[in-house]
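There are 2 protein chains.
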Amino acid sequence: MADFDVIVLGGGPGGYLAAERLGRAGKSVALIEQASLGGTCLNVGCIPTKALLNCAKLLSHAQDSAQFGIQVSQVGYDWGAMQAWKAKTVKTLVAGVTQLMRRHRVQVVTGHGRMVAPGVVEVDSVTYSARDVIIATGSAPVRPPIPGAANNPLVVDSTALLNITEVPERLTIVGGGVIGIEFASLFSRLGTTVTIVEMLDEILAFAEPEVASRLRASLKGVTVKLGARVTAIEEATVVIEMGGTIERVEADLVLMAIGRRPLVDGWGADEIDLAYTSAGVTVDDQMRTNLAGVWAVGDVTGRSLLAHGAYRMGEVAASAILDGGSASRGPVMRWDTIPWALYGAPEAAGVGLTQAEGEARGLAVQTVTVPLAVSGRFVAEEGLSRAGVVKVVADRDSRLILGVQLLGPYAPEMIWGAAAVLEMELTIDEVRQLVFPHPTISEGIREACWAFPDQERV
Amino acid sequence: MADFDVIVLGGGPGGYLAAERLGRAGKSVALIEQASLGGTCLNVGCIPTKALLNCAKLLSHAQDSAQFGIQVSQVGYDWGAMQAWKAKTVKTLVAGVTQLMRRHRVQVVTGHGRMVAPGVVEVDSVTYSARDVIIATGSAPVRPPIPGAANNPLVVDSTALLNITEVPERLTIVGGGVIGIEFASLFSRLGTTVTIVEMLDEILAFAEPEVASRLRASLKGVTVKLGARVTAIEEATVVIEMGGTIERVEADLVLMAIGRRPLVDGWGADEIDLAYTSAGVTVDDQMRTNLAGVWAVGDVTGRSLLAHGAYRMGEVAASAILDGGSASRGPVMRWDTIPWALYGAPEAAGVGLTQAEGEARGLAVQTVTVPLAVSGRFVAEEGLSRAGVVKVVADRDSRLILGVQLLGPYAPEMIWGAAAVLEMELTIDEVRQLVFPHPTISEGIREACWAFPDQERV
Numbered sequence: 491m492a493d494f495d496v497i498v499l500g501g502g503p504g505g506y507l508a509a510e511r512l513g514r515a516g517k518s519v520a521l522i523e524q525a526s527l528g529g530t531c532l533n534v535g536c537i538p539t540k541a542l543l544n545c546a547k548l549l550s551h552a553q554d555s556a557q558f559g560i561q562v563s564q565v566g567y568d569w570g571a572m573q574a575w576k577a578k579t580v581k582t583l584v585a586g587v588t589q590l591m592r593r594h595r596v597q598v599v600t601g602h603g604r605m606v607a608p609g610v611v612e613v614d615s616v617t618y619s620a621r622d623v624i625i626a627t628g629s630a631p632v633r634p635p636i637p638g639a640a641n642n643p644l645v646v647d648s649t650a651l652l653n654i655t656e657v658p659e660r661l662t663i664v665g666g667g668v669i670g671i672e673f674a675s676l677f678s679r680l681g682t683t684v685t686i687v688e689m690l691d692e693i694l695a696f697a698e699p700e701v702a703s704r705l706r707a708s709l710k711g712v713t714v715k716l717g718a719r720v721t722a723i724e725e726a727t728v729v730i731e732m733g734g735t736i737e738r739v740e741a742d743l744v745l746m747a748i749g750r751r752p753l754v755d756g757w758g759a760d761e762i763d764l765a766y767t768s769a770g771v772t773v774d775d776q777m778r779t780n781l782a783g784v785w786a787v788g789d790v791t792g793r794s795l796l797a798h799g800a801y802r803m804g805e806v807a808a809s810a811i812l813d814g815g816s817a818s819r820g821p822v823m824r825w826d827t828i829p830w831a832l833y834g835a836p837e838a839a840g841v842g843l844t845q846a847e848g849e850a851r852g853l854a855v856q857t858v859t860v861p862l863a864v865s866g867r868f869v870a871e872e873g874l875s876r877a878g879v880v881k882v883v884a885d886r887d888s889r890l891i892l893g894v895q896l897l898g899p900y901a902p903e904m905i906w907g908a909a910a911v912l913e914m915e916l917t918i919d920e921v922r923q924l925v926f927p928h929p930t931i932s933e934g935i936r937e938a939c940w941a942f943p944d945q946e947r948v
Numbered sequence: 491m492a493d494f495d496v497i498v499l500g501g502g503p504g505g506y507l508a509a510e511r512l513g514r515a516g517k518s519v520a521l522i523e524q525a526s527l528g529g530t531c532l533n534v535g536c537i538p539t540k541a542l543l544n545c546a547k548l549l550s551h552a553q554d555s556a557q558f559g560i561q562v563s564q565v566g567y568d569w570g571a572m573q574a575w576k577a578k579t580v581k582t583l584v585a586g587v588t589q590l591m592r593r594h595r596v597q598v599v600t601g602h603g604r605m606v607a608p609g610v611v612e613v614d615s616v617t618y619s620a621r622d623v624i625i626a627t628g629s630a631p632v633r634p635p636i637p638g639a640a641n642n643p644l645v646v647d648s649t650a651l652l653n654i655t656e657v658p659e660r661l662t663i664v665g666g667g668v669i670g671i672e673f674a675s676l677f678s679r680l681g682t683t684v685t686i687v688e689m690l691d692e693i694l695a696f697a698e699p700e701v702a703s704r705l706r707a708s709l710k711g712v713t714v715k716l717g718a719r720v721t722a723i724e725e726a727t728v729v730i731e732m733g734g735t736i737e738r739v740e741a742d743l744v745l746m747a748i749g750r751r752p753l754v755d756g757w758g759a760d761e762i763d764l765a766y767t768s769a770g771v772t773v774d775d776q777m778r779t780n781l782a783g784v785w786a787v788g789d790v791t792g793r794s795l796l797a798h799g800a801y802r803m804g805e806v807a808a809s810a811i812l813d814g815g816s817a818s819r820g821p822v823m824r825w826d827t828i829p830w831a832l833y834g835a836p837e838a839a840g841v842g843l844t845q846a847e848g849e850a851r852g853l854a855v856q857t858v859t860v861p862l863a864v865s866g867r868f869v870a871e872e873g874l875s876r877a878g879v880v881k882v883v884a885d886r887d888s889r890l891i892l893g894v895q896l897l898g899p900y901a902p903e904m905i906w907g908a909a910a911v912l913e914m915e916l917t918i919d920e921v922r923q924l925v926f927p928h929p930t931i932s933e934g935i936r937e938a939c940w941a942f943p944d945q946e947r948v
């Protein structure tokens with residue numbers, strides 16, 4: 491008989507949530523984690539950055555509120571105290587996950603797990619067996635083969651940057667994705683001169699151009715170099731090629747933030763003949779791999795590299811296991827309704843298809859972009875000079891809402907409603923009928939729906 | 491032939507939105523307003539309070555962020571500058587409404603309108619006629635017959651308090667509703683010693699006790715006297731009777747905030763035999779009054795005294811008029827899905843039935859209350875010592891969600907999703923399947939749904 495019903499390999503969001511759901515349902519579960527529970531997100535990703543970003547937001551509020559009648563002399567920050575707040579946050583939440591595992595009788599095994607056969611995992615030469623195994627090994631920062639980047643103490647990844655002891659005067663960030671933008675927002679608010687170097691023509695490749703361009707223009711104290719290819723790094727100087735000319739961007743520290751790669755190596759994928767590519771472990775919409783009883787969730791699948799994507803994958807896999815592994819029942823992943831959120835200055839969020847994605851699928855899309863200044867609360871808190879926008883993408887014929895993107899305050903907190911709207915497959919006309927509280931910035935979504943042309947009255 | 495298709499009497503949220511929707515659809519519309527467009531909400535209600543509350547929030551951020559590593563010396567505020575920001579906000583938004591009316595070819599008539607017959611309105615001795623008339627005359631603060639309250643310059647209503655030139659050292663607020671709590675939050679943050687006097691056993695009668703009590707306990711620098719009946723006011727001293735003993739609450743200014751009453755007088759309701767009570771003009775769920783061609787929307791109906799309730803009533807009336815007045819088609823008001831929001835320190839919001847309301851309707855309700863500390867973002871931004879809670883009310887048998895209430899940051903911006911969930915009639919189990927972005931405080935709603943007991947797997 492197997493030692494456990496289920497072994498989960500990796501204690502990040504996808505892994506620990508799957509373990510929680512299975513334990514809650516009465517399964518015996520082992521959760522194997524070599525480091526701290528909570529994975530990248532909790533220990534060196536979403537949570538510590540949000541703790542620091544909030545500190546930086548409060549600093550900005552103290553510095554920049556003269557127009558709101560707030561008078562302050564001598565504003566400063568104590569990076570050590572910010573770090574202490576961050577550490578306390580992480581410690582609190584890791585303890586919370588530990589407690590959660592205990593409550594649901596999940597046995598946490600500390601060590602490096604390695605699959606030796608489907609259903610068999612070795613942890614530091616101890617072997618554990620289970621009917622089902624869920625792979626949740628996560629991802630790691632991509633390290634591109636740029637001359638001068640490797641073994642350069644002035645070139646760091648996001649994990650290292652979170653733990654620096656001194657705030658750099660100048661920081662160059664290679665990569666204009668979420669991680670790049672959030673760190674640019676954090677350090678520029680702390681007074682660092684920040685340069686973002688992005689290879690593509692715009693930051694945030696997955697965002698609507700109306701959102702990305704306005705966000706870029708709103709980043710204070712940040713220089714963004716688009717269409718810039720990094721050819722070499724010398725100490726903290728990044729050499730870039732832009733439109734045929736070579737430029738040297740000098741700084742005191744360089745953050746490499748060009749993306750993360752699924753961690754498909756180091757835990758036995760090849761040994762058990764698990765199907766994977768460089769894009770991640772191959773899974774179906776219920777998180778099955780090619781091997782019976784072996785499931786994969788979270789970043790390692792490459793399907794979504796977001797913590798809540800991992801949560802959902804963990805839940806879907808757990809649900810399928812509880813249903814006896816049957817593919818004919820239980821929830822499936824709906825990849826298009828996983829929202830994204832960006833906690834920069836300003837904030838942004840989105841869910842569903844962009845206009846370009848809709849068009850690429852051959853849909854007749856119709857879009858509306860509305861400034862958030864249609865919202866009374868936005869005007870009351872931000873005025874007319876700050877950036878805020880909402881874009882809604884719909885199907886021209888069915889009027890189904892396909893996507894919503896937001897740039898502006900509280901965007902990450904209001905996007906869940908849009909995810910619900912997409913899940914429920916509501917039309918422009920149905921969202922028009924919803925009652926949004928006034929005055930909120932969320933009303934911008936309603937206004938955008940009313941800005942579409944009317945359907946003919948019949 | 492009538493002068494207009496529709497006359498709207500009153501330029502607040504319900505009135506101007508109905509005018510906009512009708513104008514947009516090609517109707518000829520007159521909007522009659524004696525003061526400034528935008529009504530109470532925009533001129534002396536939601537908007538100016540939110541502008542000032544945001545200033546006060548920024549002040550608190552500057553003052554209280556030492557634990558987040560923010561160092562500030564000498565923080566103060568300039569009430570005049572705050573007032574200027576408020577005035578600029580209101581001016582901007584009133585101009586926006588004016589522009590909106592112009593865009594939809596709504597003729598704005600300035601003056602005091604009075605109905606002389608169904609379809610006939612007199613404005614300063616000029617008579618206008620229309621096929622349909624929408625009454626949107628709003629509400630006014632209740633002035634109770636408390637000895638010493640009338641003609642006392644130290645006893646003010648919210649409109650007057652918004653425009654004071656000096657911040658009082660001590661403020662007594664009679665009434666612990668939304669207006670009372672928001673002004674308590676505003677002035678306590680400005681350093682005023684605030685006392686709230688509430689006749690009932692708890693503030694915020696419409697809120698869940700779990701939300702109201704925690705909110706009350708979180709109000710810094712505010713003393714709340716519950717079960718306190720005001721017997722007299724002498725200058726700015728409020729005499730109260732609490733459990734048989736008499737107490738004198740001294741202050742420099744007194745705000746009367748015990749509620750608002752529908753404005754059913756002064757515009758001809760009696761002359762045209764319109765049916766109304768002290769609770770407001772009697773309407774059906776499509777905003778029809780007892781008179782053909784006469785509709786009523788917003789505060790004057792007494793059905794919801796919230797701006798977005800008025801918006802929705804205006805839309806529903808407009809839709810019914812566009813449908814030729816037929817009662818058998820078009821949207822109807824769904825009173826239970828109008829959310830409320832409170833922009834105090836802390837914020838709160840809710841939608842749907844409370845547990846008590848559900849029980850009073852004879853429903854078998856099941857509830858869950860979860861601390862917002864389940865949210866990583868909450869912990870990262872607030873820590874464990876601040877109040878935050880989410881309560882979900884569901885039907886035990888069908889598992890339909892009946893109500894959601896939130897206490898914590900961003901609550902007003904996330905509640906629209908809960909309103910959508912109620913409109914769509916989702917169950918606990920369906921909301922569990924939605925993907926909320928991580929880390930957000932909105933995830934508390936999802937966690938609450940998972941905190942309900944599971945349905946048996948079948």
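First to last, the protein sequences are chains H and Z. Here the first sequence is numbered in our numbering, starting from 491 and rising by one per residue. Here the second sequence is numbered in our numbering, starting from 491 and rising by one per residue. C-beta atoms are modelled at their ideal positions from N, C-alpha and C, and glycine is treated no differently.
- Sequence-distant partners of ALA759(H) (beyond 5 residues in either direction) whose C-beta falls short of 6 Å from its own C-beta, in its chain, are TYR766.
- Taking a beta-carbon distance threshold of 7 Å, PRO836(Z) does not count as an interface residue toward chain H.
- Residue nearest to GLY893(H) within the set GLU913(H), PRO503(H) and TYR900(H) is GLU913(H) (criterion: CA-CA distance).
- In the three-state reduction of the DSSP assignment, GLU523(Z) falls in the strand class, which pools E and B.
- ILE736(Z) is bridged by DSSP to GLU731(Z).
- Out of ALA863(H), SER555(H) and ALA571(H), the CA that lies nearest to the CA of ALA556(Z) is found in ALA571(H).
- Contact between the segment 491-502 of chain H and the segment 823-839 of chain Z is absent: fewer than 3 CB-CB pairs across the two stretches fall below 8 Å.
- When DSSP assignments are scanned along the segment 678-710 of chain Z, the uninterrupted stretches of beta strand (DSSP E) that are 3 or more residues long and fall wholly within it turn out to be 683-687.
- Fully enclosed alpha helix (DSSP H) runs of no fewer than 4 residues occupy 503-514, 529-534 and 536-553 of the segment 503-579 of chain Z, in order along the chain.
- Between the segment 514-524 of chain Z and the segment 537-552 of chain Z there are fewer than three C-beta pairs closer than 8 Å, too few to call the two in contact.
- If you draw a straight line from the Cα of ALA702(H) to the Cα of SER648(Z), it comes to about 41 Å.
- Burial state of ARG851(H) is exposed, judged by a 10 Å Cβ sphere holding fewer than 16 other Cβ atoms.
- In the DSSP assignment, the residues bridged to PHE494(H) are ALA620(H).
- DSSP places SER629(Z) inside the beta strand (DSSP E), whose first and last residues are 629-631.
- Counting every other CB atom within 10 Å of its CB across the protein chains shown gives ALA577(H) a total below 16, marking it as exposed.
- For a Cβ distance threshold of 7 Å, nothing in chain Z lies close to TYR618(H): the least Cβ distance comes to about 26 Å.
- Taking one beta carbon from each stretch, the segment 598-614 of chain H and the segment 592-602 of chain Z have fewer than 3 pairs nearer than 8 Å; the two do not touch.
- For THR649(Z), the enclosing alpha helix (DSSP H) covers residues 648-652.
- Cβ proximity to chain Z below 7 Å picks out TRP906, GLY907, ALA909, ALA910, VAL911, GLU913, MET914, GLN923, LEU924, VAL925, PHE926, PRO927, HIS928, PRO929, THR930, ILE931 and SER932 from the segment 906-940 of chain H.
- Within chain H, no residue has its beta carbon less than 9 Å from that of LEU892(Z); the closest one is some 16 Å off.
- At a Cβ-Cβ threshold of 7 Å, ASP742(H) and ARG819(H) do not count as neighbours.
- A residue is called buried when at least 16 other Cβ atoms come within 10 angstroms of its Cβ; MET746(H) meets this threshold and is buried.
- In the DSSP assignment, ALA797(Z) falls outside any beta strand (DSSP E) and within the unbroken alpha helix (DSSP H) covering 797-812.
- Spanning the alpha carbons of TRP785(H) and ALA797(H) requires a straight line of approximately 17 Å.
- Residue state for GLY840(Z) is assigned as strand, using DSSP reduced to three classes.
- At a cut-off of 7 Å between C-beta atoms, TYR506(H) does not count as an interface residue with respect to chain Z.
- HIS594(H) does not reach chain Z, its nearest Cβ partner there being about 12 Å away, counting only Cβ pairs nearer than 9 Å.
- Secondary structure of LEU583(H) (DSSP, three-state): helix.
- Proximity of chain Z to ALA839(H) at the Cβ level (cut-off 8 Å) is accounted for by PRO927, in chain order.
- Rounded to the nearest whole angstrom, the C-alpha separation of ALA722(Z) and PRO634(Z) is 11 Å.
- Around the C-beta of VAL580(Z), 16 or more other C-beta atoms lie within 10 Å, and the residue is accordingly described as buried.
- Pairing ASP885(Z) with LEU853(Z) gives a Cβ-Cβ distance under 7 Å.
- CA-CA distance, GLY792(H) to HIS594(H), rounds to 28 Å.
- Residues of the same chain with a CB within less than 6 Å of the CB of GLU740(H), apart from the 5 flanking positions on each side, are THR727 in chain order.
- Rounded to the nearest whole angstrom, the CA to CA distance from LEU590(H) to GLU510(H) is 7 Å.
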